[in-house]
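Trainee: So the sequence shown is residues 0 to 79, counted in numbering that gives the first Met the number 0.
Yeah, the Cβ is synthetic: ideal placement off N, Cα and C, and Gly gets one too.
Just so we're clear, the structure is a prediction, and the values are computed from it rather than from any experiment.
Pasting a structure here, questions to come.
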Amino acid sequence: MNTNLYANLSSLKPGEDAVVTALLATGSMRRRLLDIGLVENTRVECLGTSPLGDPSAFLIRGAVIAIRSEDCKNILIESE
C-alpha cells in the first residue's frame with residue numbers, strides 16, 4: 000500500500016481513515032480541535048459530506064464530528 004504523507008483531512012473520502020500527524024490550526028480553532036480529541040496519532044474516519052460538500056462528518060474517538068473544509072486543511076494526516 001502507498002502511504003500518503005502530509006495530506007490534509009479534506010483529502011479523505013467517505014469510508015477512508017487516517018491518523019492525525021499534526022495540527023496547523025491556531026488560536027480558538029486549535030483549542031476546539033484539541034478539546035474534541037483531535038491530537039497526534041488519533042485515528043479519524045470520514046463518514047461522509049453534507050449535500051453541498053461542506054462540512055464533512057468524521058468519526059473521532061467514538062464521536063461523530065462535523066468539520067468545515069477550511070478547518071480540515073489545517074489538520075495533517077497520514078493514510079495507508
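1) From Ser68 to Ala21, what distance separates their C-alpha atoms?
2) Based on Cα-Cα distance, which residue from Pro54, Thr41, Glu15 and Ala24 lies nearest to Gly61?
3) Just how far apart, CA to CA, sit Leu51 and Pro13?
4) According to DSSP, is Glu44 helix, strand or coil?
5) Between which two residues does the beta strand (DSSP E) containing Asp16 stretch?
6) By Cβ distance below 7 Å, which residues in the same chain neighbour Asn73 in space, the five residues on each side in sequence not counted?
7) Is it true that the CB of Ile76 sits closer than 8 Å to the CB of Asn7?
8) Return the CA-CA distance between Cys45 and Met28, expressed in angstroms with no decimal places.
Mentor: Walking through what the data contain:
1) Within the sequence shown, numbered from 1, the residue matching residue 68 stands at position 69. Within the sequence shown, numbered from 1, the residue matching residue 21 stands at position 22. Taking C-alpha positions only, Ser68 is separated from Ala21 by approximately 16 Å.
2) Working through the sequence shown from its first residue, we reach residue 61 at position 62. Of Pro54, Thr41, Glu15 and Ala24, the residue nearest in Cα terms is Thr41.
3) Here the question's residue 51 lines up with position 52 in the sequence shown. Here the question's residue 13 lines up with position 14 in the sequence shown. For Leu51 and Pro13, the gap between their C-alpha atoms comes out near 14 Å.
4) As a working mapping, residue 44 is identified with position 45 in the sequence shown. Strand at Glu44.
5) The residue labelled residue 16 in the question sits at position 17 within the sequence shown. Looking at the DSSP string, the run of the beta strand (DSSP E) that includes Asp16 is Asp16 to Leu22.
6) For the purposes of this step, residue 73 is identified with residue 74 of the sequence shown, where counting begins at 1. If we look at Asn73 and ignore the five residues flanking it on each side, its Cβ neighbours are Leu22, Leu23 and Ala24.
7) Position 8 of the sequence shown, counted from the first residue, corresponds to residue 7. Position 77 of the sequence shown, counted from the first residue, corresponds to residue 76. Cβ atoms of Asn7 and Ile76: closer than 8 Å.
8) Here residue 45 corresponds to residue number 46 of the sequence shown, with the count starting at 1. Here residue 28 corresponds to residue number 29 of the sequence shown, with the count starting at 1. Computed Cα separation, rounded: 20 Å.
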